[in-house]
Amino acid sequence: MSEKGRAALFFGPGKQMEITELPVPDPEAGALVVKITRANICGSDLHIWRGDGWLGAMARPDGRVIGHEMTGYVHSLGEGVTTDWAGQSLAEGDRVVYQYFAPCMHCRTCVRHMPAACPHSFKVLRGKPNKFPYFRGAYADYFYVTPQMAVYKVPDKVTDTMVAGVNCALAQVVYGLERVHVNVGDNVVIQGAGGLGVYATAVAKQRGAGKVIVVDGIDDRLDLARRMGADDIVDFRVHDTPEARILQVKELTGGYGADVVCELVGRSQVIPEGLRMLGLGGRYLEIGTFYPGSPVEIDAGGLVTSNLRIEAVAAYDAVSLHNSVQFLERNLETLPLDQMLVDYSLEDINSAFEDQDAGKVTRASIVM
Numbered sequence: 544m545s546e547k548g549r550a551a552l553f554f555g556p557g558k559q560m561e562i563t564e565l566p567v568p569d570p571e572a573g574a575l576v577v578k579i580t581r582a583n584i585c586g587s588d589l590h591i592w593r594g595d596g597w598l599g600a601m602a603r604p605d606g607r608v609i610g611h612e613m614t615g616y617v618h619s620l621g622e623g624v625t626t627d628w629a630g631q632s633l634a635e636g637d638r639v640v641y642q643y644f645a646p647c648m649h650c651r652t653c654v655r656h657m658p659a660a661c662p663h664s665f666k667v668l669r670g671k672p673n674k675f676p677y678f679r680g681a682y683a684d685y686f687y688v689t690p691q692m693a694v695y696k697v698p699d700k701v702t703d704t705m706v707a708g709v710n711c712a713l714a715q716v717v718y719g720l721e722r723v724h725v726n727v728g729d730n731v732v733i734q735g736a737g738g739l740g741v742y743a744t745a746v747a748k749q750r751g752a753g754k755v756i757v758v759d760g761i762d763d764r765l766d767l768a769r770r771m772g773a774d775d776i777v778d779f780r781v782h783d784t785p786e787a788r789i790l791q792v793k794e795l796t797g798g799y800g801a802d803v804v805c806e807l808v809g810r811s812q813v814i815p816e817g818l819r820m821l822g823l824g825g826r827y828l829e830i831g832t833f834y835p836g837s838p839v840e841i842d843a844g845g846l847v848t849s850n851l852r853i854e855a856v857a858a859y860d861a862v863s864l865h866n867s868v869q870f871l872e873r874n875l876e877t878l879p880l881d882q883m884l885v886d887y888s889l890e891d892i893n894s895a896f897e898d899q900d901a902g903k904v905t906r907a908s909i910v911m
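Each residue of the sequence shown is one higher than the one before, counting from 544 in my numbering.
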């Protein structure tokens, strides 16, 4: 274990991340070590970086490696690992995607077929950077994949740029849109055209949505949403109040309102507005605001009289990760999957966070 790798340590909101070196672990039986090639900045990473809600408590004086949306290739395999979770042979050097969390598969939640809600999933991300397995986050040269984390080979034609967002943003919306049963003919509103939103736009269209309406106000994001399949845009610079945006959605859906609205902004303040965009019997998908400590006022009577349903999703299952890889392979020639990222070096990680937080880029990506 004499080999070393770089890692960016996070010390808390408002503090600069610092690059350090950590020992590269030898994988235990059933595990593997991945050499990361690309790691994106997800909206949830921004929440941690800002210290939103209770997330400031994630800081530690000795630092921690954060980040989770990534891809890479197999650096080393533990004893017994010969295939990925789809049964394809796996060897050192193979490009892979993998879950960054580890459902235990034994608790009440897991055995009731809800591994995405396993209360033990994120324990693997905790721990001191000077304790095995050292590499617990994406902003580093390596990542330790435990035996509980689903792992899949990446098809040759799917580039790292395309696949880097699979193990969070894309798998998350694939799972979430399944949970709210987006069906043929449904009118779907996407609140926010960041990484989650543009993926959700494409996935909703492929599930047969009749109309996908995207709400945002940044030109680059709106342009990308159109190219990912958005039928209509609600620009919040033009429709600059909740009432105006709700009215526009109603008009675009023939006065009925949406069948499904997805909160992918990451700000709880938009939830009441999104609920009012729904038609009778509509379904609301909450993904963006993942941290406790973000209360909003909701008209409970409005939920009841309109027969609305709310689904909240914090992770995804192994099947959704595999389906996401196949989604990319199917859409290589038809969607701008290589045009969502802006590259930064690991040494420039602080600038990458600042730029994405300021809305200068849709998705910053750290290239190792």
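Just so you know, even glycine gets a beta-carbon here, dropped at the ideal spot from N, CA and C.
Comparing C-alpha positions only, which one of the options sits nearest to residue i?
| i | options | result |
| --- | --- | --- |
| Phe779 | Asn673, Val608, Gly760 and Gln749 | Gly760 |
| Gly902 | Leu589, Tyr834, Glu571 and Leu565 | Leu589 |
| Ile776 | Val757, Arg852 and Gln812 | Val757 |
| Ile789 | Met820, Arg651 and Glu806 | Met820 |
| Phe644 | Leu620, Gly800, Pro658 and Glu786 | Pro658 |
| Gly586 | Gln559, Gln631 and Ala712 | Ala712 |
| His611 | Glu564, Arg679, Gly630 and His663 | Arg679 |
| Gly736 | Asp762, Phe554, Gly728 and Gly630 | Here residue 736 is Ala; the residue named in the question, Gly, does not match the sequence. The shortest Cα separation from Ala736 among Asp762, Phe554, Gly728 and Gly630 belongs to Asp762. |
| Pro835 | Ala843, Gly817 and Ala855 | Ala855 |
| Ala634 | Ser894, Ser811, Val577 and Val667 | Val577 |
| Gly606 | Glu561, Asp637, Asp783 and Gly797 | Glu561 |
| Gly596 | His649, Ser811 and Ala843 | Ser811 |
| Met601 | Gln559, Phe553, Gly615 and Met648 | Phe553 |
| Leu565 | Ala895, Lys547 and Gly844 | Lys547 |
| Leu739 | Val781, Glu806 and Val697 | Glu806 |
| Glu897 | Leu875, Ala550 and Gly557 | Gly557 |
| Gly809 | Thr702, Val567, Ala574 and Arg593 | Arg593 |
| Gly621 | Gly630, Gly573 and Leu765 | Gly573 |
| Phe665 | Leu878, Pro604 and Pro646 | Pro646 |
| Ala550 | Ala681, Gly630, Asp637 and Leu575 | Ala681 |
| Leu765 | Gly817, Thr905, Glu816 and Leu598 | Thr905 |
Confirm, please, whether the CB-CB distance from residue j to residue i is below 9 Å.
| i | j | result |
| --- | --- | --- |
| Leu889 | Asp569 | no |
| Gly824 | Gln734 | no |
| Val694 | Val639 | yes |
| Asn866 | Gly708 | no |
| Val717 | Ala752 | no |
| Ala768 | Val741 | yes |
| Gln715 | Ser837 | no |
| Arg581 | Thr704 | yes |
| Met613 | Asn710 | yes |
| Val731 | Val755 | yes |
| Met911 | Gly615 | yes |
| Asp637 | Lys696 | yes |
| Gly728 | Lys748 | no |
For the ligand FAD, any of its heavy atoms closer than 8 Å to the Cβ of residue i?
| i | result |
| --- | --- |
| Phe686 | This structure does not include the ligand FAD; it has no bound ligands of any sort. |
Within 10 angstroms of its Cβ, does residue i collect 16 or more other Cβ (buried), or is it exposed?
| i | result |
| --- | --- |
| Phe686 | buried |
| Ser908 | buried |
| Asp886 | exposed |
| Thr744 | buried |
| Lys671 | exposed |
| Arg915 | With the chain running from 544 to 911 in the structure shown, residue 915 is simply not present. |
| Arg655 | exposed |
| Met692 | buried |
| His618 | buried |
| Thr796 | buried |
| Met648 | exposed |
| Cys799 | Looking at the sequence provided, one finds Tyr at residue 799 rather than Cys. Exposed, since its Cβ has fewer than 16 Cβ neighbours within 10 Å. |
| Lys700 | exposed |
| Arg651 | exposed |
| Ala873 | First, the residue type needs correcting, since residue 873 is Arg and not Ala in the sequence shown. Classification of Arg873: exposed, given that the 10 Å Cβ count is below 16. |
| Thr784 | exposed |
| Thr625 | exposed |
| Asp842 | exposed |
Next item on the list: Any chance you could list the beta strand (DSSP E) runs of at least 3 consecutive residues sitting entirely within the stretch 655-737, in chain order?
Entry: 685-688, 694-696 and 730-734
Notebook entry, point to check: Does the stretch 840-851 touch the stretch 879-898, meaning 3 or more C-beta pairs lie closer than 8 Å?
Noted result: Short answer: they don't touch.
Next item on the list: Jot down the residue ranges of each uninterrupted alpha helix (DSSP H) in the stretch 808-858, minimum 4 residues, whole runs only, in chain order.
Entry: 814-819 and 843-848
Margin query: I want to know whether the stretch 856-864 touches the stretch 659-679 - three or more CB-CB distances under 8 Å.
Written below: yes
Notebook entry, point to check: When the Cβ atoms of the stretch 673-682 are set against those of the stretch 721-741, are three or more pairs found closer than 8 Å?
Noted result: no
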